[in-house]
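Input: a single structure, listed below in structure tokens.
Residue numbers (our numbering): 23 to 208.
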């Protein structure tokens, strides 16, 4: 559930009373919640205007124009929380972090799996996706790994969602999991 600051509550009350947002059937209250969320995403103070729908539409246009910028900023912030845990090399492999939403989408296309669909999870901080690359060719896709918010590895796949079988791949996964568990909450 969305928790509101006192300032946000004041704006909501203003719009519900003065802005005449009592057309619940048309979804005006959903628009109000979305307006507050967009303001938070842009780090903008919600304002009290005489015409809520005009303010909502202007805010939505601005938000959509800058959405990629906001998403990439949130991705960077979420990965920064665990930067030490994600700095890892073992054997011939290294961990590479996505820096933009487009990196995740490109990984999904190149690897022929659904990782591009995890962009919102990463923005919200409910999952982390890391790319496992060979040290001698860090640009070339090799493995994709999903890390849960407690540091556990959930998925670790080759292209086309194939499971790993080589001793080298398994050794890296095990060493990376051990490293995550040691560093994650430290």
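Yeah, the Cβ is synthetic: ideal placement off N, Cα and C, and Gly gets one too.
Since the structure is predicted, the reported quantities are computational estimates derived from the model, not experimental observations.
Nearest-angstrom beta carbon gap, residue j and residue i [assumed within contact, 8 Å]
i: residue 100; j: residue 144; result: 6 Å
i: residue 82; j: residue 33; result: Not quite, the Cβ-Cβ distance comes to about 16 Å (not below 8 Å), so this is no contact.
i: residue 176; j: residue 115; result: The pair is not a contact, with the Cβ atoms about 19 Å apart (cut-off 8 Å).
i: residue 119; j: residue 137; result: About 13 Å separates the two Cβ atoms, so there is no contact after all.
i: residue 94; j: residue 78; result: Contact flag wrong, Cβ pair sits at about 24 Å.
i: residue 85; j: residue 64; result: 6 Å
i: residue 182; j: residue 135; result: 7 Å
i: residue 113; j: residue 190; result: 6 Å
i: residue 107; j: residue 180; result: Contact flag wrong, Cβ pair sits at about 23 Å.
i: residue 97; j: residue 122; result: 7 Å
i: residue 117; j: residue 154; result: 6 Å
Residue range of the unbroken beta strand (DSSP E) whose run includes residue i
i: residue 166; result: 165-169
i: residue 140; result: Looking at the DSSP string, residue 140 is not in any beta strand (DSSP E), and its letter there is neither H nor E.
Start-to-end residues for the alpha helix (DSSP H) that takes in residue i
i: residue 174; result: Residue 174 -> no alpha helix (DSSP H), and no H or E assigned at all.
i: residue 195; result: 189-205
DSSP state of residue i mapped onto helix, strand, coil
i: residue 23; result: Bear in mind that the predicted position of residue 23 carries a pLDDT of just 49, short of 50, making it unreliable; the figure below should be weighed with that in mind. Residue 23: coil per DSSP, three-state reduction.
i: residue 186; result: coil
i: residue 46; result: Confidence at residue 46 is low in this model, with a pLDDT of 48, below 50, so its placement is unreliable and the value that follows should be read with caution. Note: residue 46 maps to helix in three-state DSSP.
Chain C contact for residue i (CB, 7 Å cutoff)
i: residue 125; result: The chain labelled as chain C is not found in the depicted structure, where only one protein chain is given.
### Message
Please give the ranges of any alpha helix (DSSP H) in the stretch 50-137, keeping only runs that are unbroken, at least 4 residues long and fully inside the region.
### Response
50-63, 74-102, 105-108, 123-133
### Task
Please determine if the stretch 196-204 and the stretch 167-186 are in contact, where contact requires at least 3 C-beta pairs separated by less than 8 Å.
yes
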